[in-house]
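Notes for the one structure printed next.
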Amino acid sequence: MTTTSAPVKRAIVQKLRASPALMAAIAGGIHEGIAPRKVRYPFITYQLVAAPYSYTWSAVFLMTTFDVSVYAENPVDANNIDALITTALNEAVLVMDEQSSMLCRRVSDLPTGPDIDSEGKRIYQVGGSYSIWTEQPGG
Amino acid sequence: MNTIGGVAQAILEAASAALGDGAKVVEARARNLAPIRHIFAEDRYTIRFKKVSEIERDRSIRATLGLSFEGSPENPRPRTIRARPADAYGRRPTPKWRERRMGVAQQHAADYAHEQTARKLGLGAQPTALDRRGAYEVRSRRAAFLRWGHSYVGGRLRGEIFSTGAVIRGRRAEAWVISPTPYARYMEFGTRHNAAHPYLRPAAAESHGAVVSLVQAAVADAVRTSGGAGAIEIVVRL
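Sequence order for the protein chains is U and D.
Using our numbering, you'd call the opening residue of the first sequence number 1 and step up by one each time.
Using our numbering, you'd call the opening residue of the second sequence number 140 and step up by one each time.
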């Protein structure tokens, strides 16, 4: 049976949560897509970008791309947390149900800049795209 | 007799032309994936006539307000906006581009304002071509955009995506799929206020196989027709 990108998503969050330095640095937690309005800074969001499947005779390859962004009130915090995320995820071996991790690599930075939030505070968004390839039996 | 350099150039040109076609494939996919905000009400608004009991109930209130009795010939009949016929699968065709032109949209916006006034006067809801958000976007000209000298309204993000032809730079050929809309970056990468709705990168990822196939076929054809033989490495990056 072919499983979807959901286990990959869970594995990313597990990997981020397994980093004590990272968890100590983010007061607002980890959120999928968008964080609620009242969440404290800094926080992390992650979002699935693309997950095309590639079938061979004996296996299914899932080549997912995730964006992981940090939102912080100053650029130093944002960049420091982004570096912690890179340390946690780059070349990491992810543990997933029914899938084996082949590659987890940061492939680009996100071209994002400062923004103003609903309370008029200047917010810095820094992040990167991660390419995660997994293999599962099937095809 | 062809030289190795001549064969390589012919292959590069063929690959470049195929890459231009591949960029169009990515462009088409990006247009499909681009999020759009529907500004036309389409079939969502339906006409509902008031029941006789409702008309009778409102009669005294209308009289107090100085409004005429509903159902009298003074009140116009609700206008109907004919829905496009559905095909065998129940899908309705998208409105044609000419119906999305600014002039027509402004007429629709005027109709919407008229309907709002009528509704405030208690004349009952009538269908309009634009929904509430659409009327605002037409009025503020947010939804208007130009493409190849023509003005359109609605679907700006999708409508402005375009691809360039392939350009040969040294030993590389490049083609670009560009989304020049000012808020395209926010849609692709998200902001503090809005979650991301990626459309360009998924289009590139999903079309990777198709583009590689196009380039491979073009290179194989060029090798055969130019009489070349040898090992040439073609790298396709998306």
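Backbone N, C-alpha and C define an ideal beta-carbon position, used for all residues, glycine too.
Around the beta carbon of D/Val277, 16 or more other beta carbons lie within 10 angstroms, which makes this residue buried. Between D/Val292 and the set D/Leu151, D/Ala157, D/Arg176 and D/Arg331, the nearest pair of CA atoms involves D/Arg176. Between D/Val358 and D/Ala154, the gap from beta carbon to beta carbon is short of 8 Å. Scanning chain D for C-beta atoms nearer than 8 Å to the C-beta of U/Ser69 yields Phe328 and Gly329, reported in chain order. Against chain D, the CB of U/Pro111 has a partner CB under 8 Å away; the residue lies at that interface. In its chain, beyond the 5 residues on either side, Ser5, Lys9, Thr64 and Phe66 have a beta carbon closer than 7 Å to the beta carbon of U/Leu48. Interface with chain U (8 Å Cβ-Cβ cutoff): D/Asn333 is included.
At a beta-carbon threshold of 9 Å, the residues of chain D lying near U/Asp117 are Arg331 and His332, ordered along the chain. In this structure, DSSP gives U/Gln136 an extended state, which the three-state scheme calls strand. CA-to-CA, the gap between U/Thr3 and U/Ala18 works out to about 24 Å. Interface residue (Cβ-Cβ distance to chain U less than 8 Å): D/Pro266 is not classified as such.
Counting only unbroken stretches of 4 or more residues, the alpha helix (DSSP H) elements lying wholly within the stretch 300–348 of chain D are 323–328, in sequence order. At a cut-off of 8 Å between C-beta atoms, U/Gly33 counts as an interface residue with respect to chain D.
Contact of U/Ile123 with chain D by beta-carbon distance below 7 Å involves Arg331. The closest CA to that of D/Ala356, considering only D/Ile143, D/Gly145 and D/Glu152, is found on D/Glu152.
Excluding the 5 residues flanking it on each side, U/Ala21 has same chain C-beta neighbours closer than 8 Å at Leu84, in chain order. Taking 3 residues as the minimum length, the beta strand (DSSP E) runs contained wholly in the stretch 48–77 of chain U are 53–55 and 59–72, in order along the chain. Measuring C-alpha to C-alpha distances from D/Ser318 to each of D/Arg271, D/Phe301 and D/Leu260 identifies D/Phe301 as the nearest.
Leaving aside the five residues that flank U/His31 on each side, the residues in its chain whose CB is nearer than 6 Å to its CB run, in chain order, Thr45.
Ranked by how close their Cα comes to the Cα of U/Leu16, the residues U/Glu135, U/Pro111 and U/Val93 have U/Val93 in first place.
Here D/Arg201 really is in contact with D/Gly261; their C-beta atoms are around 6 Å apart, less than 8 Å.
Restricting attention to U/Leu62, U/Val13 and U/Arg37, the CA atom closest to the CA of U/Gln136 is found in U/Leu62. Judged by pairs of C-beta atoms under 8 Å, the stretch 109–117 of chain U touches the stretch 325–336 of chain D, as three or more such pairs exist.
Residues of chain D with a Cβ closer than 9 Å to the Cβ of U/Pro52 are, in chain order, Pro341, Ala344, Glu345, His347 and Gly348. For D/Arg281, the nearest beta carbon of chain U is not closer than 8 Å to its own beta carbon. Under the DSSP assignment, U/Glu32 falls outside any alpha helix (DSSP H), being part of the beta strand (DSSP E) whose first and last residues are Ile30 to Glu32. Ranked by Cα distance from D/Thr320, the options D/Arg308, D/Val243 and D/Gly294 are led by D/Gly294. Taking the CA atoms as reference points, U/Asn80 sits about 56 Å from D/Asp226. Residue-level contact by beta carbon fails for D/Pro321 and chain U, as no gap is shorter than 8 Å. Distance from the Cα of D/Asn171 is smallest, within the candidate group D/Ala343, D/Asn333 and D/Tyr322, for D/Ala343. Look at D/Tyr251 here: in three-state DSSP terms it is helix. By the beta-carbon neighbour count (other beta carbons within 10 angstroms, threshold 16), D/Pro341 is buried. When the beta-carbon positions are compared, D/Gly161 and D/Ala312 stay at least 8 Å from each other. With a beta-carbon spacing of about 15 Å, D/Ala305 and D/Ala149 fall beyond the 8 Å limit used to define contacts. Each residue's CA atom was taken as its position, placing U/Val70 and U/Gly33 some 12 Å apart. Counting only the Cα atoms, U/Val39 lies some 39 Å from D/Ala248.
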